[in-house]
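In the numbering used here, the protein residues as written are 1 to 205.
Each remark here refers to the structure printed beneath this line.
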């Protein structure tokens, strides 16, 4: 199988962290240069028609896109260590946590960076700086909620490390581009959690 990724982009990094946590090896990694617009070339569009990374090309030629779908597929192939839930109830609560992080934490971060960072201008045309700044405010609302959750529990989805922690960590690392530092903004539980996740081998991808 081939996994199409892009260095430093948060969604491919989520998949790569997931694979390291599961000790999955043997995939062929193909880097897609977003700055060079490789994701919009015909060859890549034939695999990912919406021009997004990551994408997983299966051995039979079919292609899976969307981070969560790729992780679900790999969880099925490599069920241990479990990162998405052991039974229906746990799976639902982990997915709820992961979706909350994806939509209310990662999405505002991405929107803020895409619309305010000059380095992202070639990828986001037109940029709307006022919208980007408003998304930065929404990020902090979610960070306040998440900090409160992490004061009550060790991990984003409860009492163990899951895919929700991977999504939150990659989002928080991406937020460095908007100079968001949870510790300096008073979110001490979020900062402590980030530092713990940062010690895991998967955090180095």
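In this text, a Cβ means the ideal position worked out from N, Cα and C, and glycines have one as well.
| Item | Value |
| --- | --- |
| Could you check how far apart the C-beta atoms of residue 12 and residue 63 are, in whole angstroms? I think they sit under 8 Å. | With 8 Å as the limit, residue 12 and residue 63 do not qualify as a contact, their Cβ atoms being about 14 Å apart. |
| Are residue 123 and residue 45 closer than 8 Å when you measure CB to CB? | no |
| Hey, residue 40 and residue 78: beta-carbon distance below 8 Å or not? | no |
| Between which two residues does the beta strand (DSSP E) harbouring residue 23 extend? | First-last for residue 23: undefined, no H or E at that position. |
| Could you tell me whether the Cβ atoms of residue 194 and residue 169 are closer together than 8 Å? | yes |
| Nearest to residue 32 by CA position, among 154, 18, 91 and 48, is which residue? | 48 |
| Measure the alpha-carbon distance for residue 86 versus residue 147 and round it to whole angstroms. | 26 Å |
| Residue 173 by DSSP, collapsed to three states: which one? | helix |
| So, does the stretch 108-116 touch the stretch 126-134, judging by three or more C-beta pairs under 8 Å? | yes |
| Do you know offhand how far residue 36's Cα is from residue 100's? | 32 Å |
| Who are the Cβ neighbours of residue 82 in its own chain at under 8 Å, not counting the five residues just before and after it? | 75 |
| Answer yes or no: do residue 15 and residue 65 have a C-beta to C-beta separation smaller than 8 Å? | no |
| Would residue 7 and residue 171 qualify as a contact pair, given that the criterion is a beta-carbon distance under 8 Å? | no |
| Consult DSSP for residue 90 and reduce its assignment to one of helix, strand or coil. | helix |
| Rounded to whole angstroms, what is the Cα-Cα separation between residue 141 and residue 19? | 30 Å |
| Beta-carbon within less than 7 Å of residue 24's beta-carbon, same chain only, minus the 5 sequence neighbours each way: which residues are those? | 74 and 78 |
| Can you grab the Cα-Cα spacing for the pair residue 138 / residue 119, in whole Å? | 22 Å |
| Short of 7 Å in beta carbon distance, which residues of its chain neighbour residue 183, apart from the five on each side in sequence? Order them along the chain. | 191 |
| Which partner residues of residue 31 appear in the DSSP bridge assignment? | 5 |
| Would you mind stating whether residue 166 and residue 17 have Cβ atoms separated by less than 8 Å? | yes |
| Establish whether the CB of residue 203 and some CB of chain B are separated by less than 8 Å. | This model lacks chain B altogether, as it is built from one protein chain only. |
| In the DSSP assignment, what are the bridge partners of residue 66? | Beta-bridge pairing links residue 66 to no other residue. |
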